[in-house]
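So the protein lines, in turn, are chains D and F. Heads up: the first sequence is residues 1 to 742, going by this note's numbering. Heads up: the second sequence is residues 743 to 1484, going by this note's numbering. Using N, Cα and C, we set each Cβ at its ideal position, and we do this for glycine too. Please read these numbers as outputs of a predicted model, since none were measured by experiment. This report concerns only the one structure given below.
There are 2 protein chains.
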Amino acid sequence: MTKIFLALIFMVAVTASAGDLIGFSEKASETQQQLEKKFDTYLDANMMLGWMEYLTRRPHHAGSPKVKENAEWMAEKLRSWGFETEIEVFHVLIPRPLIRELTLLEPARYEAVLKEPTAPEDPVSKAIETEGLPPYNAYSADGDVTAELVYVNQGLPRDYEELELRGIDVKGKIVLARYGGSWRGIKPKLAYEKGAIGCLIYNDPKADGFYQGDAYPDGAFKHDHAVQRGSVLDLPLRPGDPLTPGWGATKDAKRIAREDADNIMKIPVLPISYHDAKPLMEALGGETAPPSWRGAMPVTYRIGPGPAKVRLKLKFDWKLIPAYNVIAKMKGSEAPDQWVIRGNHHDAWVVGATDPISGIVPMLAQAYATGQLAKTGWRPKRTLVFCAWDAEEPALLGSTDWVEHHADELKKKTVAYINTDGSSRGFLGVGGSHALEKMVNQVARDVPDPQTKGSVADRRFSLMMVDGGPESKKQARARQFQLGALGSGSDYTAFFQHLGLPTLNLGFGGEGRGGEYHTNFDTFAHYTRHRDPGLVYGVVLASVCGRLSLRLSEARVLPFDFTDTLKAVSGYVDEVVKLADDQRKAVAEHNELLAGGHYQRAADPKKKRRLPKPKSEVPYFNFAPLHNAVAGLKKEAAAWRNTMRTVAEQEKPDGADLQKLNALLYSSEQAFLGDGLPRRPWFRHQIYAPGFYTGYGVKTLPGIREGIEEGNYKEAQEQIHITAAAIDRLTALIRKATAMLP
Amino acid sequence: MTKIFLALIFMVAVTASAGDLIGFSEKASETQQQLEKKFDTYLDANMMLGWMEYLTRRPHHAGSPKVKENAEWMAEKLRSWGFETEIEVFHVLIPRPLIRELTLLEPARYEAVLKEPTAPEDPVSKAIETEGLPPYNAYSADGDVTAELVYVNQGLPRDYEELELRGIDVKGKIVLARYGGSWRGIKPKLAYEKGAIGCLIYNDPKADGFYQGDAYPDGAFKHDHAVQRGSVLDLPLRPGDPLTPGWGATKDAKRIAREDADNIMKIPVLPISYHDAKPLMEALGGETAPPSWRGAMPVTYRIGPGPAKVRLKLKFDWKLIPAYNVIAKMKGSEAPDQWVIRGNHHDAWVVGATDPISGIVPMLAQAYATGQLAKTGWRPKRTLVFCAWDAEEPALLGSTDWVEHHADELKKKTVAYINTDGSSRGFLGVGGSHALEKMVNQVARDVPDPQTKGSVADRRFSLMMVDGGPESKKQARARQFQLGALGSGSDYTAFFQHLGLPTLNLGFGGEGRGGEYHTNFDTFAHYTRHRDPGLVYGVVLASVCGRLSLRLSEARVLPFDFTDTLKAVSGYVDEVVKLADDQRKAVAEHNELLAGGHYQRAADPKKKRRLPKPKSEVPYFNFAPLHNAVAGLKKEAAAWRNTMRTVAEQEKPDGADLQKLNALLYSSEQAFLGDGLPRRPWFRHQIYAPGFYTGYGVKTLPGIREGIEEGNYKEAQEQIHITAAAIDRLTALIRKATAMLP
């Protein structure tokens, strides 16, 4: 069904794009679109469903028998489709639990269940019970701690500010945090910084339990015993193998001692179900939690500390585990040393139909279709590389250690890295290098949406028109959506944040439903019922990614348009200038309210509240270097844009000269690298980083922004200069590229 | 304790105001402040606690033995304090329940409890069980209906828009609505308009159950069987006795037939506890309710309709009941025909410690202190009138029928009506005639806050600085807070909205806690524990109201400053102009999204959604009459303000001339009366009205605003002219007043 349906509407789509592909001549555009049309004919939802079913039959976490089996199965497929394929193994530290015990000791005893059941109706349940990992947080510390409990809401900086106003200290306590508001690893990290000795993280039914809908298998959501597993390695500090920081974890690599790995959590951390959280919450006394802290358990949410007292005992095996990366290459005919890399991880926390198999199956379909094209005699101009990463879940290990190990080669050869991960039904979302924004928009314009009349771009524009703010509406009317800024949370991190390689990360979502993330319920049956029945959008994802890879492999001039980079960076500059102004105003007002006695007079004397502290005034920053850098970029970006289309149509430069120009273009993202962000040198991109206190969530112009937000004003000023210099480097590079044109 | 404490800080307060009272000469200001200081010495929290305890010993709903006993007790007190006192009786229709039955028939049977228990620890519980009314909604229709159930959230217009998008019709169904978002009577009114045949209203624990804190008696909040009683007469159409619309319900008054009373609800309506609502919600199927519709019951909130099917059977006695208004007067020495009226109702739904006794006890204290002053030989210049209204709870009956009966006299004599109702601990809130804003601010400046250093005005300014938006902060910095606009919900309604008499409504709040409103738990024990322990703010309320009454009774020139009226009205004009512009833009965008297919393309095709309908374009209105009226008012208001202070210091005008001027001033609010608002002629104030679809909630410039909001654009334009004429009448009146000055 799907295939015929797609074929029909593809005809409409091809008409829509008018031979204007960026980086291609008009004639080459037409040839390219014919190629892509042919590519689409090899996409087959039924074949993809079969692969998904096979890959999710048994738990395939890193180190499991099935993860190796899957790697070998994929390698075999890729070889059969014509790719030079190898399995590259790294040996990485992944702790697995030996002891997990949680007991409420006072005021009444309760032994936490800590067990996630399976749905008997689901055919993979038996395999999960036999081979699956129990719920735990990877890189929690070992420990046996007993203390009073404090509820800290989501465990974020603003939550600790609330606690401080109430005079509540978590020092020596165990904190109970709920999932949400940040990447989970921020919760124990902050709890530790505040002096807590243990951390429990539970999923509140408000987020994805009965509050949202029926539990699986009746519905898509979590039941009362479901638990989200996940890593708590300090990923905003550095992902990858903790024992080989900055280099590949090969078998014989030099390794640091575990005690010296500064990103391993310092306190024991355990994720629990709301069934186990409820007795703890009921046992908490003290003040009622503020309204925004309350979830959907039928309990009055209180903060404590105590009288609830808990004992948390955890022990892990701390073993080195082989991670199996599958690397498949199809050599380019014209520029074999220019690599278009496509990747998705293959390990899961359990069987992971959504995460990651819904992303890897479209990647396999893309590789298959590419192989079929090759069987007709076609060859890519540049080398196509497909990577199935292992051990993403514990700490992006497979991809990070591969990137670290091959850093020099990748810096020279990588045209772009295109990443996917779990994907669903609905709307296309894309983040990454803004220089590729125009190409992404053209691809989105050329791929029809399977549920509506129109392209996936049309559908997205309609959503932006209906639900978006003024900026979204403006973009939708102009018919070009801006790429999102990338933080972390998937395998693009090392490529983008560490090496500064052009990167895209994409997927579909917004309409699938579910609370299956990192649970026993992320199964084939769940996915095909609640996320993307029939893999309708899986096929579309393959089609979109196929076009992205093929346009990058086939374009005469690589489709880098820096006016979109300018637009993004210039927007970020406006944001940090506004941030400084707003914060200056807010601090001044705060200090005025404090000095005027207003906080005291407005407070209820019957509630015990501490007065907030005065804050340091925010200085005026010298933003001139940034503004000058943006002005410089504006000029050169426009110059390049105006000439590149002509170049695509011309015969010169060609051969080695052309590929030298292209290599210069794809090295452009590296212009943004500095010596590393303050306190986390592994993260070197001056424009994008995961937030130090948000986790996956991105901070743009991170050095400047976090300097201002955290009150490191001297550092913020230094970072303005460093970031301006990075923008200047890009400007110089573009000038050089323009100069290479005839 | 309280008294000494108050005396101490009053010394600070008197220093704060510098003989500048509006309407008084400098010398008279000082005398007045001495009088007020003396007034305060007669306020005694212990005496007030005794009165509160007496008045709340047994249920005293309209028609009960205790409500008559309380009226007689108050009358006796007032007489003993030197007031000419009478009990004026009206005979009003108040239905009381004979049959209340609610059964869930399908998919499983459940008989609703419909009984509100009492707290055994509370000494009044036995009396409540013997004499109290069960939970019901007064003026529900009789009926015996069986139908499928639909959950309609709060039952507001926006909720029905959501239902419509889902293709869900309530026609022939029984709706389940939760309390909140509007006055309760809007819910059955809208349900009826939409075709429903019955309405259930429940209190969700999110609003004031376990979600907020412990239930009474452990804490302040509702337990699972608590139910809010209340009226569902269509009060935005017309309050007061439904059988005597527009005239007083005296014993022999002409009465219309009950069938002709257009404000009696047309369908059966019953309030239920969340204990009774939970099985109904659990039995609902269909789509999960949108996030903002979900409460705190541990259930997935679904919309239905069905499979839940319920039977609702209600029957009422529909009897005429005597309502006992206590009216006490102390004749003025200089202008006996100028009345300063103070009122608060005395009937409750059960024993009503908060509502209304926390308001009437300060009024009694004010009357007592006034009587004590009189015993020293002092006499007010103008007549002071104290009114304790009966039958407020069912439909503002006592006050409305009194006002209707005495309309001609009141229009001539009323200087101002000062209303209170339930009051609590925390911050002063005042709404009413903006011409009195300056006086209110001076009073607030002169009364110390009992919990903080500073006046009640200081405390309020600090709250506005800490929690307020830009407009609040601006007011706080300028040290004058704007009076709130009055809608309805208490006994000022007939004075203000029907007769256009200068009105103030005030109370303290923001710090007391509780879900006792209209339940069995609104008791002396609850109030003195959770609302205002020791009646500390009860004393302050008496002090504030005492000053308001005494300044109005003693001022040489009545303290009307129309520049504050101008400020308020001019702000409302800006709002309706912006409303029209915003709505025009929103409608245009809506129609564009619809025509462009954006709604369709952005919608999830797997969810059954109807497309919204196109909306009528919003025309451009001729706002010039309003702007011209405001410009005219500006000039005259400034002229009056500049001269009135001089007049207070001069000897002329005096005698009859002076009182003629004052009578002109207090007739100013009547300038705002028109012939009645569209479809509800009883409401005649062109500047303020309760919203037709919000209930108590005010709509300013109601004719214009509701015309725009509801798409009656022709009517909105007519109302612009009518409202401008009302403003012009005020301008002419002020010009006349200024011309009376020497």
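Any idea what DSSP makes of residue i, helix, strand or coil?
i         : result
Gly398/D  : helix
Trp1035/F : helix
Gly377/D  : coil
Asn1364/F : coil
Val1208/F : helix
Ile1429/F : coil
Phe210/D  : coil
Gly1418/F : coil
Tyr1455/F : helix
Leu1022/F : helix
Gln1487/F : What the structure shows of chain F is the stretch from 743 to 1484, and residue 1487/F is not part of that stretch, so it cannot be assessed.
Could you tell me whether any Cβ in chain D is nearer than 8 Å to the Cβ of residue i?
i         : result
Asp1346/F : yes
Val1208/F : yes
Pro1190/F : no
Thr757/F  : With a pLDDT of 39 at Thr757/F, under the threshold of 50, the modelled position of this residue cannot be trusted, and the question is left open.
Thr1465/F : no
Phe1365/F : no
Gly955/F  : yes
Glu906/F  : no
Leu1022/F : no
Gly704/F  : The structure shown has nothing for residue 704/F, since chain F only spans 743 to 1484.
Thr1096/F : no
Asp1399/F : no
Phe952/F  : yes
State yes or no: is the beta carbon of residue i nearer than 8 Å to at least one beta carbon in chain F?
i        : result
Ser462/D : yes
His598/D : yes
Met1/D   : Caution is warranted here: a pLDDT of 27 is assigned to Met1/D, below 50, making its placement in the model unreliable, and the coordinate value is therefore given only provisionally. No, no contact with chain F.
Glu651/D : no
Phe5/D   : Since pLDDT at Phe5/D reaches only 31, below the 50 mark, its modelled position is unreliable, and the value read off the structure follows with that caveat. Judged by the 8 Å Cβ criterion, Phe5/D is not in contact with chain F.
Rounded to whole angstroms, what's the CA-CA distance from residue i to residue j? Just pull it up for me.
i         : j         : result
Gly695/D  : Tyr1234/F : 56 Å
Pro876/F  : Leu1138/F : 20 Å
Glu768/F  : Glu1391/F : 7 Å
His833/F  : Asp1132/F : 11 Å
Gly1433/F : Val1440/F : 5 Å
Met753/F  : Leu1170/F : Note that Met753/F scores a pLDDT of 34, beneath 50, so its modelled location is shaky and nothing firm can be said.
Trp318/D  : Gly132/D  : 18 Å
Glu935/F  : Lys1008/F : 10 Å
Asp1004/F : Leu942/F  : 21 Å
Val1208/F : Arg1201/F : 11 Å
Less than 8 Å separating the beta-carbons of residue i and residue j?
i         : j         : result
Pro298/D  : Phe1263/F : no
Tyr944/F  : Ala861/F  : no
Gly1236/F : Pro1444/F : Contrary to the premise, residue 1236/F reads as Ala rather than Gly in this sequence. No, the Cβ-Cβ distance between Ala1236/F and Pro1444/F is not below 8 Å.
Gly955/F  : Gly937/F  : no
Ala787/F  : Gly1276/F : yes
Between the segment 545 to 556 of chain D and the segment 378 to 386 of chain D, are three or more C-beta pairs nearer than 8 Å? yes
Mind the definition here: the segment 397 to 414 of chain D touches the segment 237 to 250 of chain D only if three or more C-beta pairs lie below 8 Å; say whether that holds. yes
Please confirm if the segment 1442 to 1458 of chain F is in contact with the segment 1314 to 1333 of chain F, defined as three or more CB-CB distances below 8 Å between the two stretches. yes
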